Amino acid sequence: MNRRVSVWKYVRLKNGRWRYCKPALAKNGKIRPDWVIVKGKAEHHPEGNFYLHRYDGAREIWKRVGLNAQDAVDAAEFDTAYLDAKAKGVPVKPIDTPNLTIEAAAHGWLEDVKLSARPETHELYEHTVREFRSWNSNGGPRHRFVAEFTRLDLLTYRKWLITDVGNAPRTAGNKLIRINRFIRKTLKLRDGEGPITVKDTKVGVTEREPEVYDQAELQQFFKACTPEQSTLFKTFLLTGFREDEVMFLYWSDLDFNRGTLRVTAKPEFDFTVKDYEERTVAVPHDNLMGELYKLKQWNFIRQLKIGTPCRLVFPTAGGKPNYHMLRLCKRIAHRAGLNCEECETCVRSDGKECEHWFLHKFRATYGTELLRKGYDIATVRKQLGHKPGSEATFRYLAPLQIDVVRKKGIDDLFGSVVDWELGKERGASQTERAEKVTVKSEAAEPEPENQEAESPDVRQPVPEGISAMWKEIHEAFRKAEVKHKKK
Ligand SMILES: [Zn+2]
62 MNRRVSVWKY VRLKNGRWRY CKPALAKNGK IRPDWVIVKG KAEHHPEGNF
112 YLHRYDGARE IWKRVGLNAQ DAVDAAEFDT AYLDAKAKGV PVKPIDTPNL
162 TIEAAAHGWL EDVKLSARPE THELYEHTVR EFRSWNSNGG PRHRFVAEFT
212 RLDLLTYRKW LITDVGNAPR TAGNKLIRIN RFIRKTLKLR DGEGPITVKD
262 TKVGVTEREP EVYDQAELQQ FFKACTPEQS TLFKTFLLTG FREDEVMFLY
312 WSDLDFNRGT LRVTAKPEFD FTVKDYEERT VAVPHDNLMG ELYKLKQWNF
362 IRQLKIGTPC RLVFPTAGGK PNYHMLRLCK RIAHRAGLNC EECETCVRSD
412 GKECEHWFLH KFRATYGTEL LRKGYDIATV RKQLGHKPGS EATFRYLAPL
462 QIDVVRKKGI DDLFGSVVDW ELGKERGASQ TERAEKVTVK SEAAEPEPEN
512 QEAESPDVRQ PVPEGISAMW KEIHEAFRKA EVKHKKK
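If you read the sequence shown in the numbering used here, its first letter stands for residue 62, the second for the next number, and so on.
Here it is as structure tokens:
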């Protein structure tokens with residue numbers, strides 16, 4: 062077997078044709094980056110990519126390595142060492158994938174993200190990759206190639222994020238997921254084949270209870286919306302759809318007679334849907350379906366003006382999917398005076414953006430509300446499009462529990478036993494806050510369409526040993542699902 066790996070440059074000759082040419086060498090034997098040999102003479106060719114060439118049996122293999130000469134030389138060395146090891150019977154992982162340098166891979170991958178994800182996502186990935194590369198070359202393992210990173214490297218990176226950068230375990234875990242994804246995509250690995258596991262990313266992370274919006278907040282929010290915005294965010298609230306599920310909603314997914322919205326795949330936008338995510342949810346006829354109908358009519362008029370039909374329910378002005386719904390949500394919350402002014406994001410943005418306003422919270426509110434209304438977990442799981450046996454649905458029981466406990470009269474608990482004198486001051490401010498909330502909700506006129514989200518008056522029984530009970534229900538539910546799956 063011929064294991065020789067050679068470096069070539071793909072350049073455009075004077076006759077306009079592209080050819081693989083040998084790079085010209087300097088006196089010290091190194092490649093002169095912009096010079097190649099054409100018909101025995103060195104010619105200046107700054108254009109074109111470097112390629113590696115080798116034979117696999119009789120088959121010729123060309124592999125692009127990018128614009129940098131040194132990268133090409135390094136890649137050739139790496140491939141030679143790899144093929145030697147393989148020929149000697151040393152167990153090595155197959156690399157029929159582009160053996161890219163971190164620099165080249167990062168560039169390509171971020172371009173990919175830029176074209177296929179939201180701008181916010183791209184920004185996040187770009188920051189993480191930049192930070193990761195800076196760690197790699199300053200105190201990190203100083204690898205040149207993406208394929209060199211091991212699980213241990215990534216765990217060291219995670220530790221560095223927490224101790225040196227000061228990231229919370231959750232943030233560090235999220236960055237680890239992004240880098241793992243970057244490595245997986247570059248090396249063309251499948252899900253679960255990256256250097257780290259999901260478990261690695263969750264070390265030290267405590268599961269946060271989901272945040273939900275309350276009635277008064279929502280009323281104030283919807284009051285600050287334009288009619289079109291109101292329809293958009295009511296769709297979020299009353300379907301529990303994920304961001305991309307709303308983003309890629311088609312008019313054909315709506316059934317005005319039955320009052321339902323469907324989640325379906327949109328291959329044209331690279332929007333795929335897993336079996337359990339494909340679903341139809343019923344929404345209130347009177348308000349949401351009515352508003353959507355108005356939107357459809359308005360859209361029809363707009364389409365006549367533009368001249369191109371648009372299948373998306375909530376497109377941008379140009380008829381493209383709207384990747385800025387989060388930004389819109391934050392802007393409306395700000396306009397409505399709903400920002401907390403205390404969170405980190407509020408402080409950093411001078412009160413313009415608040416971390417307590419985000420799209421997924423509408424979904425959490427929906428899930429919690431269904432449970433509050435007495436829907437069983439299996440139904441709620443289906444409505445939300447969670448994977449069978451997923452723990453995700455149970456998370457929405459958390460805010461519910463607190464609510465129920467408070468209704469049951471936790472404030473009066475032990476009232477006659479404990480002397481509350483010491484806590485009087487705090488108690489007073491709490492009452493004040495409660496009053497403020499009441500005034501707020503009175504000031505905001507209750508809109509009839511929001512009745513859906515109102516909490517029920519019925520008090521739900523709270524048996525002793527709540528957590529033990531949830532565990533039991535959880536277990537029974539899991540068993541039932543396993544059984545169901547077997548069938
Ligand atoms: Zn805030």
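Glycine included, every Cβ here is placed at the ideal spot set by N, Cα and C.
Keep in mind that this is a model prediction, so the values were computed, not measured.
Buried versus exposed, by CB contacts within 10 Å (16 or more), residue i
i    : result
F111 : buried
D252 : exposed
G118 : exposed
L213 : exposed
R219 : buried
D132 : buried
T440 : exposed
W418 : buried
G255 : buried
G368 : exposed
N348 : buried
W170 : buried
R78  : exposed
I527 : Bear in mind that the predicted position of I527 carries a pLDDT of just 43, short of 50, making it unreliable; the figure below should be weighed with that in mind. I527 is exposed by the Cβ-count criterion.
L445 : buried
N76  : exposed
P460 : buried
Contact under 9 Å by Cβ, residue i with residue j
i    : j    : result
D140 : T162 : no
V97  : A85  : yes
L293 : V307 : yes
L222 : N241 : no
K70  : C82  : yes
V226 : E192 : yes
F243 : V324 : no
H114 : V174 : no
K391 : E414 : yes
T217 : P202 : yes
L420 : E304 : yes
N360 : C371 : yes
K335 : K443 : no
Nearest-angstrom Cβ-Cβ length linking residue i and residue j, presumed shorter than 8 Å
i    : j    : result
A137 : P94  : The pair is not a contact, with the Cβ atoms about 15 Å apart (cut-off 8 Å).
G127 : A165 : 4 Å
P271 : R73  : Actually they are not in contact, since the Cβ atoms of P271 and R73 sit about 57 Å apart, beyond 8 Å.
L389 : Q280 : In fact, because the Cβ distance is near 18 Å, the residues do not count as touching under 8 Å.
F330 : F302 : About 15 Å separates the two Cβ atoms, so there is no contact after all.
I362 : C286 : The pair is not a contact, with the Cβ atoms about 21 Å apart (cut-off 8 Å).
M350 : G320 : 5 Å
Y311 : R239 : Not quite, the Cβ-Cβ distance comes to about 30 Å (not below 8 Å), so this is no contact.
Below-9 Å beta-carbon distance, residue i vs any chain C residue
i    : result
F139 : The structure shown has no chain C; it contains just one protein chain.
**Message:** Using only Cβ atoms and a threshold of 7 Å, which residues come within that distance of a heavy atom of ligand 1? Order them by chain position.
**Reply:** That query returns the following residues: N400, C401, E402, E403, C404, T406, C407, C415, E416 and H417.
**Prompt:** Is it a yes or a no for the segment 260-276 touching the segment 361-376, going by three-plus beta-carbon pairs under 8 Å?
**Reply:** Two segments are said to touch when three or more pairs of C-beta atoms, one from each, lie closer than 8 Å; by this definition the segment 260-276 does not touch the segment 361-376.
**Asked** Do the segment 289-302 and the segment 242-249 meet, that is, are 3 or more Cβ pairs less than 8 Å apart?
**Response** Short answer: they don't touch.
**Prompt:** At a cut of 8 Å, does the segment 197-208 reach the segment 174-188 through at least three beta carbon pairs?
**Reply:** No, because fewer than three Cβ pairs between the segment 197-208 and the segment 174-188 fall closer than 8 Å, the two stretches do not touch.
**Prompt:** Quick one: any contact between the segment 313-321 and the segment 413-432, if contact means 3 or more CB pairs under 8 Å?
**Reply:** Here the segment 313-321 does not lie against the segment 413-432, with fewer than 3 beta-carbon pairs under 8 Å apart.
**Asked** Counting pairs of Cβ atoms below 8 Å between the segment 340-349 and the segment 396-411, do you hit three or more?
**Response** Judged by Cβ distances under 8 Å, the segment 340-349 makes no contact with the segment 396-411, as fewer than three pairs qualify.
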